[in-house]
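The structure appears below as structure tokens.
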Amino acid sequence: MRKKTYFCSYNLLYNMQNSRLINQDLYYVGASDRKLALFENIYPIPRGVSYNSYMLMDEKTVLLDTADAAVGGQFFENVAAVLNGRKLDYLVVNHMEPDHCALIEDLLLRYPEVTIVTNAKAAAMIRQFFNVDIDNRLQTVAEGATLNTGRHTLTFVMAPMVHWPEAMVTYDTTDKVLFSADAFGTFGALNGNIFADEVNFDRDWLDDARRYYINIVGKYGVQVQNLLKKASALEIKMICPLHGPIWREDLGYYIEKHVKWSSYQPEEKGVLIIYGSIYGHTAAAAEKMASLLAEHGVKGIAMYDASHTHVSQLVSECFRYSHVVLASSTYNAGIFTPIEDLLHDLKAHAWQNRTVAIIENGTWAAQSGKQMRTLLEEMKNITILGEDISLKSAMKENQIEDMKFLANLIVAGLNNE
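Reminder that position 44 of the sequence shown reads as 358 in this note's numbering, one-by-one numbering, no gaps.
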């Protein structure tokens, strides 16, 4: 008797597709990565990250951005499931960073009839990243250009340097949906709930949203403000970013956060204490400052050891608080390395409009305070309070009054704002 052979498609066997209906004819076809340790190979993401992509099923089908190669299998399963045998008419490329464009060439092989809709700068980058001929399937758009797909009309809005020069956003004038590229994104993998109103955003997502914005986009506050002005002229009922949850409720809350972050204004009135300590003496001084502030009734106090906290979180917290205390040991006749790295990062991210107090330490030649002050003075609208407190090895009893005086200055500043 001949042995029978049975075949089963991969889809039927594993049923990988995990798309989700967003509204009447818009689908989420992205995927999350919980294995990646460092976003852009630099920022720790213990909660992973999502790579969002969207499919509009109208008279014409439109895919808005692709995804990172790490989630390619899931992404293509989702796309195929939503298309359900229909051809893909358009691919809109809003942003050419590889975590959103890595699958373009593979997509063109799978759907050779697709037309790429993007701006001239993005088209040039497609040619740079891939060895693929796009000239005969490219539709170049500029500010205000539109694409009619049947029931929907898409309008394209340029968003240069948010945070790459080719970035644009797409606005669905029919359903009032803004496909915002990297704007309004956040770190964190999606856990089934793809909408911000399905999660406790303040508790579980806000810190990652702040850290994402400050570190990825924060340098380009002026450009973000320009985009926000354009967005304010649109009636927006939903924001679909390329990372993190979709916003369909309380949009004003999230937009206001970005207005504050991009204008370099403190999000909270409070005191952030960051110290760089080698053997614990500088840390003890930072702890004393925290206690003095608490005795004055200051409740918004945060403290970090710069040697044990990733600089991306420190930068994010510096954008969050109105007042910052920097305490650093002297190291190789300079600033203790983690504090020095932080200051360089703050300058690179255009940190400004803050009040700072300085505590230095040095056993034989305290130099960190002077050098911290020099770096801070290179930044915009940084107010340095009083005289730097200078410790020699360890804080002594006669320096407690200096600490109290500096604490009083900080409290007075908090009360006057």
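Every residue gets a Cβ at the ideal spot worked out from N, C-alpha and C, and that includes glycine.
Just so you know, these numbers come straight off a predicted model, no measurement behind them.
Stretch pair the segment 367-386 + the segment 407-416: three plus CB contacts closer than 8 Å: yes
Phe-633 classed as buried or exposed, judged by whether at least 16 other C-beta atoms fall within 10 angstroms: buried
Residue nearest to Tyr-404 in terms of C-alpha spacing, selected from Asn-366, Leu-586, Ile-615 and Ile-448: Ile-448
Reference Glu-563; option with closest CA among Lys-533, Leu-542 and Asn-514: Asn-514
Reduced DSSP secondary structure (H/G/I, E/B, other) of Phe-444: When secondary structure is reduced to three states using DSSP, Phe-444 falls in the coil class, being assigned neither helix nor strand.
C-beta atoms of Asp-733 and Ile-672 nearer than 7 Å: Nothing about residue 733 can be reported from this structure: the residues present for the chain run from 315 to 731 only.
Top-ranked residue by Cα proximity to Gln-442, from Glu-411, Tyr-645 and Gly-458: Glu-411
For Lys-706, the three-state DSSP class (helix, strand or coil): The answer is strand: DSSP assigns Lys-706 an E or B state.
Where Ala-662 falls: helix, strand or coil (DSSP): Here Ala-662 sits in helix by DSSP.
Rounded C-alpha distance that separates His-409 from Lys-374: One Cα belongs to His-409, the other to Lys-374, and the distance between them is close to 22 Å.
Rounded distance between the beta-carbons of Asn-332 and Asn-392, thought under 8 Å: 6 Å
N-terminal and C-terminal residue of the alpha helix (DSSP H) that Gln-537 is part of: That run of the alpha helix (DSSP H) goes 535-546.
Closer than 7 Å to chain C by CB, Asn-507: In summary, chain C is missing from the structure at hand, where a single protein chain is found.
Same chain, Cβ closer than 8 Å to Ser-364, five either side skipped, listed in chain order: Gly-344, Ala-345, Ser-346, Asp-347, Gly-502, Ala-503, Leu-504, His-557 and Gly-558
Endpoints, alpha helix (DSSP H) assigned at Ser-333: Neither: Ser-333 is in no alpha helix (DSSP H) and is coded neither H nor E.
7 Å CB neighbourhood of Leu-452 in its chain, flanking five on each side removed: Ile-430 and Ala-437
Beta-carbon contacts of Lys-661 that lie in its chain and below 8 Å, excluding the five residues immediately before and after: Leu-689, Glu-692 and Met-693
According to DSSP, residues forming a beta bridge with Thr-669: His-637 and Thr-697
Of the listed residues Ala-597, Leu-720 and Val-406, nearest to Thr-380 (C-alpha basis): Checked all of Ala-597, Leu-720 and Val-406; the closest Cα to Thr-380 is Val-406.
Rounded distance between the beta-carbons of Gly-676 and Thr-644, thought under 8 Å: Confirmed, about 4 Å.
Pair within 7 Å by beta-carbon distance, Lys-490 and Ile-560: no
Backbone CA spacing between Leu-326 and Tyr-368 [nearest angstrom]: Any reading at Leu-326 must be qualified, since the residue scores a pLDDT of 38, below 50, and its modelled position is unreliable; the value itself is stated next. Their backbone Cα atoms lie some 23 Å apart in a straight line.
Assumed close pair Leu-370, Leu-350 - CB separation to whole angstroms, cut-off 8 Å: Not really, about 28 Å apart at Cβ, beyond 8 Å.
Endpoints, the alpha helix (DSSP H) within which Gly-584 is located: From DSSP, Gly-584 is part of no alpha helix (DSSP H) but of the beta strand (DSSP E) over 582-590.
Start-end ranges of the alpha helix (DSSP H) lying completely within the segment 408-463, minimum 4 residues: 412-415, 418-424 and 434-443
Check whether Glu-582 and Gly-614 have beta carbons under 7 Å apart: For Glu-582 and Gly-614, yes; Cβs fall inside 7 Å.
Reduced DSSP secondary structure (H/G/I, E/B, other) of Asn-616: The sequence shown places Ala at residue 616, not Asn. Residue state, collapsed to three classes: strand.
Option nearest Ser-576 by Cα separation, candidates Glu-601, Ala-547 and Gln-539: Gln-539
Exposed unless 16 or more other CB atoms sit within 10 angstroms - verdict on Thr-596: By the neighbour-count criterion, in which a residue is buried when 16 or more other Cβ atoms sit within 10 angstroms of its Cβ, Thr-596 is buried.
Classification of Ile-714 by the beta-carbon crowding that lies within 10 angstroms, buried from 16 upward: exposed
Gln-579 classed as buried or exposed, judged by whether at least 16 other C-beta atoms fall within 10 angstroms: exposed
First and last residue of the uninterrupted alpha helix (DSSP H) at Asp-516: 515-518
Three-state secondary structure (DSSP) of Thr-467: strand
Beta carbon of Thr-460 nearer than 7 Å to that of Asp-372: no
Between the CA atoms of Gly-499 and Leu-335 - distance to the nearest angstrom: 20 Å
Proximity of Ser-642 and Ser-682 at Cβ, strictly below 7 Å: Closer than 7 Å, so yes.
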